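Residue numbers (our numbering): 9 to 665.
#1: With DSSP as the reference, label residue 464 as helix, strand or coil.
#2: Could you name the residues that DSSP lists as bridge partners for residue 579?
#3: Could you tell me which whole beta strand (DSSP E) segments of length 3 or greater appear in the region 120-147?
#4: Which whole runs of the alpha helix (DSSP H) in the region 257-292 are 4 residues long or more, in chain order?
#5: Between which residues of its own chain and residue 657 is the CB-CB distance below 6 Å, once the five residues before and five after are set aside?
#6: Determine the closest residue to residue 39 out of 275, 57, 254, 78, with distance taken between C-alpha atoms.
#7: For the beta strand (DSSP E) holding residue 511, just list the boundary residues, first then last.
#8: Can you list, in chain order, the residues of its chain whose CB lies under 7 Å from that of residue 548, leaving out five sequence neighbours each side?
#9: Between residue 283 and residue 274, what straight-line distance do the alpha-carbon atoms span, to the nearest angstrom?
#10: Quick one: is residue 652 buried, meaning 16 or more other Cβ sit within 10 Å of its Cβ, or exposed?
#11: CB residue 190 to CB residue 405, shorter than 9 Å?
#12: Kindly indicate which residue of 239, 204, 237, 156 has the alpha-carbon position closest to the one of residue 230.
#13: Residue 266: which of 280, 255, 244, 253 sits nearest, CA to CA?
#14: With 16 as the cutoff for other CB atoms within 10 Å, does residue 382 come out buried or exposed?
#15: State the Cα-Cα distance for the pair residue 72 and residue 286, rounded to the nearest angstrom.
#16: Just reading off the alpha helix (DSSP H) that residue 91 is part of, what are its end residues?
#17: Would a C-beta distance cut-off of 9 Å place residue 563 and residue 527 closer than the cut-off?
#18: Residue 383 by DSSP, collapsed to three states: which one?
#19: In the DSSP assignment, find the alpha helix (DSSP H) that holds residue 306 and state where it starts and stops.
#20: Count the other C-beta atoms from every protein chain shown that fall within 10 angstroms of the C-beta of residue 560, then say buried if there are 16 or more, exposed otherwise.
#21: Tell me, please, whether the region 120-137 touches the region 319-333 by the rule of three or more beta-carbon pairs shorter than 8 Å.
#22: Measure how close the beta-carbons of residue 542 and residue 571 come, nearest whole angstrom, since I'm counting them as under 8 Å.
#23: How far does the beta strand (DSSP E) with residue 190 in it reach, from first residue to last?
#24: Using C-beta distances below 7 Å, list every residue in its chain close to residue 686, excluding the 5 sequence neighbours before and after it, in chain order.
#25: Helix, strand or coil for residue 666, going by three-state DSSP, please let me know.
#26: With residue 493 as the anchor, note down where its alpha helix (DSSP H) starts and where it stops.
#27: In whole angstroms, give me the CA-to-CA distance for residue 648 and residue 386.
#28: For the region 237-255 and the region 222-229, state whether three or more C-beta atom pairs, one from each stretch, are separated by less than 8 Å.
#29: Just to confirm, is the Cβ distance from residue 147 to residue 356 under 9 Å?
#30: One question on the structure: do residue 107 and residue 53 come within less than 9 Å of each other, judged by their Cβ atoms?
#31: Please state the DSSP three-state secondary structure of residue 531.
#32: What residue range is occupied by the uninterrupted alpha helix (DSSP H) comprising residue 67?
#33: Does DSSP classify residue 325 as helix, strand or coil?
#34: Only counting the same chain, and skipping five residues up and downstream in sequence, which positions put a Cβ closer than 8 Å to that of residue 290?
#35: Just to confirm, are residue 469 and residue 459 a CB contact at a threshold of 9 Å?
#36: Less than 9 Å between the C-beta atoms of residue 377 and residue 238, yes or no?
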């Protein structure tokens with residue numbers, strides 16, 4: 009409709025926690041009449057270009073009525089302050105989100121009830137230029153009010169259970185719609201089952217849940233669960249060597265963690281037979297089974313018919329289907345008089361849509377967004393239902409994230425991270441060509457897309473927590489495996505060969521991954537051993553000679569590492585570490601420190617795009633090999649405001665481990 013811009017919206021309440029004001033007696037005339045006459049309902053559903061839509065107020069007029077006590081004008085004033093910076097005298101109009109196209113031979117608006125309003129989800133505010141933005145989200149009244157409008161309105165009720173049959177029915181509808189209509193999503197063929205899945209049983213037949221050992225080549229639709237384990241001991245029951253036989257006959261639901269119980273219950277309502285959960289489908293005290301499962305983890309989520317993301321649960325025993333309070337401040341829902349098709353009057357609940365900035369979204373990350381493993385579970389899942397603090401939300405490769413009942417946050421974020429479409433296509437129509445077949449322009453575009461996507465993935469990944477630091481590479485191995493195929497490239501210790509000079513431009517943004525860790529994680533030039541990194545897009549100026557790593561298990565090349573080396577040719581300058589610092593009223597002066605080496609990576613623009621700076625790595629000498637070909641470790645990054653010094657710097661070959 010119109011020129012609607014992609015922005016951030018939220019109903020200022022959750023799907024469970026809308027507080028209703030007592031019916032006010034101070035509505036202004038236009039607000040009180042908004043839904044109460046047949047003519048107004050016709051105007052609300054009229055085409056926005058027809059000139060016959062509902063005329064509302066200017067911002068100045070709404071301010072005046074708000075000061076007199078009209079609650080809806082007060083909401084419009086607040087909404088306008090969030091969105092509109094100029095034009096307080098400009099006229100605004102209102103229409104529904106499903107405003108109809110012009111109809112030939114249309115009858116007089118006074119003689120026909122506009123039933124389109126019964127299916128409306130939003131009231132849009134429209135300016136004279138035709139630009140639309142969501143203003144109000146529409147809800148049915150709570151059932152306990154026994155309002156007659158509930159028999160006619162199809163909008164989301166003020167409250168609903170995320171694990172209800174209504175939610176499950178809507179999820180099934182979306183799965184079928186995605187399979188039939190979404191060209192960017194996969195072809196929805198019957199997937200191969202993982203080696204073990206939970207057979208959830210049937211509610212109709214009262215079957216018991218049990219662990220199912222899949223036959224080789226067995227196919228079947230299955231659901232995967234993505235969730236947070238929480239601290240040690242949060243998992244009530246796991247599959248081990250001593251209980252696997254028992255679990256294949258019967259799973260005691262009461263002994264399972266609440267999150268797994270919820271997943272089984274909801275999978276049953278979806279009428280899907282199988283569910284994959286790591287705690288039960290991997291033998292937890294078998295290192296060999298765990299390593300095999302971790303290696304295939306990406307494919308398990310990639311092939312799942314649907315993934316359930318228990319985003320609101322901090323630990324396995326929390327569960328994710330119970331009602332929760334919204335983390336955002338909630339405004340009060342406003343009850344407005346509503347004319348029904350039978351001529352009677354009922355009520356409809358209107359809630360202001362609130363603009364959400366990317367920064368505030370980041371500040372309200374769900375518990376699941378802090379677990380490292382769940383990033384690849386989300387990115388590799390072709391279809392996902394996210395059970396959050398406020399609602400259940402649908403996500404696929406075509407729809408970013410959308411409330412199951414279209415009632416809350418919309419257009420969640422402009423920088424939504426998604427893997428390339430060809431990851432989810434059985435026969436990808438769009439695929440990166442062999443690089444030697446590419447034109448120079450194609451290569452530049454390919455590199456730009458790689459750098460941009462990998463930057464988003466790594467920045468998100470490195471702020472997440474991981475129980476075992478040695479799993480830092482295995483926890484994204486599934487993503488890497490898919491991207492290696494799509495990009496026709498190799499990823500070495502988290503850096504891509506074709507973009508290696510640019511990938512080296514990372515800087516330290518948080519604490520070490522594990523300060524007391526004695527195990528080897530990755531070479532010093534890799535970001536794998538630190539948290540919260542920042543990646544920068546810069547113009548590189550060095551030549552890669554060699555880059556390689558040594559995996560712990562050669563059969564799992566994308567897993568744990570035990571060594572690696574990077575050999576480059578670049579401009580070098582020598583320096584020395586000295587320091588002056590104060591602690592507890594005492595000054596310390598270090599006369600002489602360790603010699604260090606500066607290796608230039610490239611250039612960047614300074615502040616306000618002025619004063620080009622040289623940027624590079626700070627290296628500490630470890631050993632000499634064959635004269636000038638020395639071995640170093642990376643200890644930091646530098647910026648130099650005098651790039652001319654680097655134009656005359658000599659180039660050397662160095663090895664970094």
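We put the CB at the ideal spot given by N, CA and C, even for glycine. Quick caveat, the model's predicted, so the values are computed rather than measured.
This is what the structure gives:
#1: Note: residue 464 maps to helix in three-state DSSP.
#2: Note: residue 579 sits in a beta bridge opposite 659.
#3: The region 120-147 contains these whole beta strand (DSSP E) runs: 130-134, 140-147.
#4: 266-277, 286-289, all fully within the region 257-292.
#5: Around residue 657: 579, 581.
#6: That would be 78, whose Cα lies nearest to the Cα of residue 39.
#7: The continuous stretches of beta strand (DSSP E) do not include residue 511, which lies in the alpha helix (DSSP H) extending over residues 508-511.
#8: Closer than 7 Å at the Cβ level, and outside the excluded window around residue 548, lie 509, 510, 609, 610.
#9: Annotation: residue 283 to residue 274 spans about 10 Å, alpha carbon to alpha carbon.
#10: Label assigned to residue 652: exposed.
#11: Result yes, Cβ atoms of residue 190 and residue 405 sit closer than 9 Å.
#12: Closest by C-alpha distance to residue 230, out of 239, 204, 237, 156, is 204.
#13: Measuring from the Cα of residue 266, the nearest candidate turns out to be 244.
#14: Result: buried.
#15: Straight through space, the alpha carbons of residue 286 and residue 72 are spaced by roughly 59 Å.
#16: Looking at the DSSP string, the run of the alpha helix (DSSP H) that includes residue 91 is 79-91.
#17: Not in contact: residue 563 and residue 527 (Cβ atoms no closer than 9 Å).
#18: Helix.
#19: 295-311 is the extent of the alpha helix (DSSP H) around residue 306.
#20: Per the 10 Å Cβ criterion, exposed.
#21: Because the criterion of three Cβ pairs below 8 Å is not met, the region 120-137 and the region 319-333 do not touch.
#22: About 26 Å separates the two Cβ atoms, so there is no contact after all.
#23: Run containing residue 190: none; DSSP gives neither H nor E here.
#24: Residue coverage of the chain in this structure runs from 9 to 665, which leaves residue 686 outside it and unanswerable.
#25: Residue 666 cannot be examined here, being either before or after the span of the chain that is shown, 9 to 665.
#26: First-last of the alpha helix (DSSP H) with residue 493: 485-495.
#27: Straight-line Cα distance between these residues: approximately 40 Å.
#28: As far as the Cβ criterion goes, the region 237-255 does not touch the region 222-229, which means the pair count is below three.
#29: In contact: residue 147 and residue 356 (Cβ atoms closer than 9 Å).
#30: Going by C-beta atoms, residue 107 is nearer than 9 Å to residue 53.
#31: DSSP places residue 531 in coil when its eight states are reduced to three.
#32: According to the DSSP assignment, residue 67 belongs to the alpha helix (DSSP H) that extends over 67-75.
#33: The DSSP-derived three-state label of residue 325 is coil.
#34: Taken in chain order, the residues that qualify are 204, 247, 297, 298, 301.
#35: Taking the C-beta atoms as reference points, residue 459 is found no nearer than 9 Å to residue 469.
#36: Going by beta carbons, residue 377 and residue 238 fall outside the 9 Å limit.
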